[in-house]
Each structure stands twice: as C-alpha cells, then as structure tokens.
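Under our numbering, the residues of the sequence shown are numbered 5 to 392, in order.
Virtual Cβ for every residue (Gly too), placed ideally from N, Cα, C.
One structure below.
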Amino acid sequence: MEEIILLKQGEIVLKGQNKRFFAQRLESNISRRLAPFGDFKVYTAQSTVYVEPQDASCDTAGAFAALRCVFGVISLSRAAACEKDADAMLETAKLYLKDDFARAKSFKVESKRADKRFPMTSIQLSQYVGGELSEAFPDVAVDVHNPELLVTLEVRDYKAYVHAAPVQGAGGMPVGSNGRAVSLLSGGIDSPVATYMIAKRGISIIPVHFFSFPYTSQQAKEKVLTLAKELTPYCGDLTVEVVPFTEIQQEMRKVCPEEYFTIIMRRFMMRIAEKIANYNGCKALVTGESLGQVASQTMEAMAATEACIGLPVLRPVVGMDKEEIVRLARKIGTFETSILPYEDCCTVFMPRHPKTRPRLAEVEAAETKLDIEGLVAKAIAGIERVRV
Numbered sequence: 005m006e007e008i009i010l011l012k013q014g015e016i017v018l019k020g021q022n023k024r025f026f027a028q029r030l031e032s033n034i035s036r037r038l039a040p041f042g043d044f045k046v047y048t049a050q051s052t053v054y055v056e057p058q059d060a061s062c063d064t065a066g067a068f069a070a071l072r073c074v075f076g077v078i079s080l081s082r083a084a085a086c087e088k089d090a091d092a093m094l095e096t097a098k099l100y101l102k103d104d105f106a107r108a109k110s111f112k113v114e115s116k117r118a119d120k121r122f123p124m125t126s127i128q129l130s131q132y133v134g135g136e137l138s139e140a141f142p143d144v145a146v147d148v149h150n151p152e153l154l155v156t157l158e159v160r161d162y163k164a165y166v167h168a169a170p171v172q173g174a175g176g177m178p179v180g181s182n183g184r185a186v187s188l189l190s191g192g193i194d195s196p197v198a199t200y201m202i203a204k205r206g207i208s209i210i211p212v213h214f215f216s217f218p219y220t221s222q223q224a225k226e227k228v229l230t231l232a233k234e235l236t237p238y239c240g241d242l243t244v245e246v247v248p249f250t251e252i253q254q255e256m257r258k259v260c261p262e263e264y265f266t267i268i269m270r271r272f273m274m275r276i277a278e279k280i281a282n283y284n285g286c287k288a289l290v291t292g293e294s295l296g297q298v299a300s301q302t303m304e305a306m307a308a309t310e311a312c313i314g315l316p317v318l319r320p321v322v323g324m325d326k327e328e329i330v331r332l333a334r335k336i337g338t339f340e341t342s343i344l345p346y347e348d349c350c351t352v353f354m355p356r357h358p359k360t361r362p363r364l365a366e367v368e369a370a371e372t373k374l375d376i377e378g379l380v381a382k383a384i385a386g387i388e389r390v391r392v
C-alpha cells in the first residue's frame, strides 16, 4: 500500500499573485526538514503539499513528527493512496484504518471531491463508503456529530487518498518568506518564546547571546545553546552569535550611576545587535520584553533602550502575561531548560534600585564617560559563532 503525507497550507492560500513564492519557500523548508528521514518527493497541487516516500527505507513516522513543526502548514495527515474509484477507496479504508476501527466506538465518513470530474458527489461517496464500512465493522457505530474516528476520503487530481482526522500543524508563514531578523536570546523564559513567535511569522532568525565570563558560567552559555537547539525544529538550523560582554559591563560599573546599569547594558546590546543585523541583511531586532514585567520593561525604559538604534524592534510577547508566556514555553519545549539555575549577564549586574522611568537625556548623560564605539567594536571582533 502506497502511503503519503498530505500537508494543508495555512495563510499561503490567502495570497495573491505572489502565492507561488510562499509555496516554493514552504516546499524548500519541508525538503530540508525531511533530509534526515530519507528520500521524499515534495510537490504542491490545489493548496496541498504532497510528501511521497521514494523507497521503503524512508522513515515516514519520523518525517511526519518533524513536519508538525514546520511553519506554513495548518494541518497534516498520513494517508493511503489509491485509484479514484469508490470501491478502491472502500477497500483501502478497510485495510489502512483497520487498527483505528479496532480502537474506536463510533465513526463518520467525510469526503472532499477536489476533482469535480469524479462521478459521485461528496455526499454520495460518503454514504456509500460509510454504509459498507458499517457492515464491515459492526461493533463501531455511525455517529455523524461526534465520532471518535473520522474517515476522510479525498479525491484529488492524481489519485484518491484515505486517512483519519488530520493533525494540527504549526500554522504561520514559511520561515524565510518575510525576511530576516536578529533575536536577542537570553537564558530566560521569554526570549525563546519571542523567537518562536517571530519565526512563525515567516522570519529567519539570527540569535545573539551576550556572555559575561567569568561573571556568568560556561553552563549559562551552554543553556542558551540548548535553548537555540530546542528552537531549531521550528526555526531551522541556527547559528548563535555569542558576544563577549564582560568588558562593557566592567567599564559601565566603573563610571556609570548604578540605577542606569540595566538601561545602559541594554542600549549596548541594541547597538551590537544592530551591527550584526546590518552585516547579515536583517531588517529588525527581536526581544522578549513584556510590558511592565521588570524595571527595564516600562514604556519609558523601552523607549530609552531603542533610541540609540535605527532598526525597528519587534516585541512579540509585549502584551502577554507571564502565565501565557510559560504556557507557550511548555508547548514548544523550552521551559524546562529556561528554568535551569544559571544566571545571565543582566541578572549578575542588576542594580539594587533600577530606574524604572528614565529620561533619555539622563541616560545619554550617564553614558558620556564610556568609549561607546570602541567597546562595541571590541565586542563585535570577539564574537563566537556556534551552529546548532
């Protein structure tokens, strides 16, 4: 029996004349994600992406699990292909869904007739196959309202396909279809969630992490690299830019008022991230800031932080509360790593009484004794790039 994976496009179907661009990007992302699982043929027709294993060595189960994390796919199904004939679909359903029928107490047949040349209507096909399946599996009742098993018949251009209810996909837009951005990735809960959310909008990510050895440990750095790795099922392969930040913080502590430490640190991060973004053709920066969550995330503090750069700053979680962010972190698998007890550079240099509503002129005055350009240049020169 020929098994295939069917993937339904999400927002791509709403596109106009540039729809093909998004579809091609999605196909390319799918093909890359399938590489570890064998040789698959990937093609698109009628807003459906077909993934066909080319030989028996293909790991279809592994491929299916990986494709659930691909942005741009709204739902996906493992299906059996057969001839576009009612009896062929019936026999395929009996065989392919035999184990599903053994577990279910009720079922329903739903037909989708994309090929309008097929002689039966969708209702006629569902009634015929449903009646025969009811006789073949007498212990499973027909329930058209709340069935445990949904038998789906799809009559498409090339063949017919039989499968159970589809599984929800990752949704969103294909990664890379909406440009590139630099994401400031700390070891906390929020920034990995923000990275995930902006990648879901079709943006390729360059993660940047600021590392302050020996004030922060090697374990703290490894924690961030693990977080980046946990994001790769959604974002694709990532290269983390690890920026040495110790000298900047040491110089800041010597000459700057303590209450401005956090704001000045974040302004340096913005300057460095912007240079990395410009070098890599990125059009925005991404942060995990949530309004009012900590002292550096008031409106005044965020305004002062981004005033030193020209690129837009995207804040996907800015309106979410902590519970919402934690719930999403658990869903994408980053939460347990984020709560490991290794501090990042911001935590180590946290002032006792941070300025929560700084004025930009005061912040700029507090920076005047620093060699900003020199410190930024040295940090850029010392970047370590780690591919995960």
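Which of helix, strand or coil DSSP assigns to Met177: strand
If you draw a straight line from the C-alpha of Leu289 to the C-alpha of Asp91, how long is it? 56 Å
If we count Cβ pairs, one from each stretch, closer than 8 Å, do we get three or more for the segment 74-86 versus the segment 28-46? yes
Is the segment 261-280 touching the segment 368-375 in the sense that three or more CB pairs, one from each, lie closer than 8 Å? yes
Who are Leu11's beta bridge partners in DSSP? Val53, Leu80
Just grab the DSSP bridge partners of Val133 for me. The partner list for Val133 (beta bridge, DSSP) is empty, contrary to what the question assumes.
Could you have a look at Ser342 and say whether DSSP puts it in helix, strand or coil? helix
Measuring CB to CB, does Ala27 end up less than 8 Å from Thr48? yes
Considering only DSSP beta bridges, list what Arg117 is partnered with. Val159
Check this for me: beta carbons of Arg319 and Glu293, under 8 Å apart or not? yes
Delimiting residues of the beta strand (DSSP E) encompassing Glu262: Looking at the DSSP string, Glu262 is not in any beta strand (DSSP E), and its letter there is neither H nor E.
Taking the beta carbon of Val148 as the centre, do at least 16 other beta carbons fall within 10 Å, making it buried, or is it exposed? exposed
At least three beta-carbon pairs within less than 8 Å, the segment 168-187 to the segment 275-289: yes
Local conformation of Ile193 per DSSP, three classes: Shown here, Ile193 sits in coil according to DSSP, grouped into three states, outside any helix or strand.
Taking its Cβ as the centre, do 16 or more other Cβ atoms sit within 10 Å of Ile329, making it buried, or is it exposed? With a 10 Å radius around the Cβ and a threshold of 16 neighbouring Cβ atoms, Ile329 comes out buried.
Measure the alpha-carbon distance for Ser216 versus Ala232 and round it to whole angstroms. 18 Å
Which class does Ser187 belong to by DSSP, given the choice of helix, strand or coil? The answer is strand: DSSP assigns Ser187 an E or B state.
Cβ of Ser342 within 8 Å of any chain C Cβ: This model lacks chain C altogether; it includes just one protein chain.
Measure from the alpha carbon of Ala70 to the alpha carbon of each residue in Glu377, Arg107, Glu251, Ile336, then state which is nearest. Comparing Cα-Cα distances from Ala70 to each of Glu377, Arg107, Glu251, Ile336, the minimum goes to Ile336.
Applying the 10 Å Cβ sphere with the 16-neighbour rule, what's the burial state of Lys225? buried
Is it the case that the segment 293-307 contacts the segment 201-211, given that we only count it when at least three CB pairs across the two stretches are under 8 Å? no
So, using beta-carbon positions, are Ala168 and Asp63 closer together than 8 Å? no
Under 8 Å between C-beta atoms of Gly14 and Phe41: Between Gly14 and Phe41, the C-beta gap is not smaller than 8 Å, which leaves the two residues out of contact.
From Gly323 to Phe272, what does the alpha carbon distance come to, in whole angstroms? In a straight line, the C-alpha of Gly323 is about 24 Å away from that of Phe272.
Alpha helix (DSSP H) segment containing Ile376, residue limits: 376-385
With a Cβ-Cβ cutoff of 8 Å, do Ile16 and Tyr165 count as a contact? no
Assuming Pro218 is part of the beta strand (DSSP E), what are its boundary residues? First-last for Pro218: undefined, no H or E at that position.
By how many angstroms is the C-alpha of Pro358 removed from the C-alpha of Thr243? 33 Å
Can you tell me whether Pro248 is helix, strand or coil according to DSSP? DSSP places Pro248 in strand when its eight states are reduced to three.
Would you tell me roughly how many angstroms separate the C-alpha atoms of Ala84 and Thr302, rounded to the nearest one? 54 Å
What is the DSSP secondary structure of Ile313, counted as helix, strand or coil? coil
Ends of the beta strand (DSSP E) at Ala60? Run containing Ala60: none; DSSP gives neither H nor E here.
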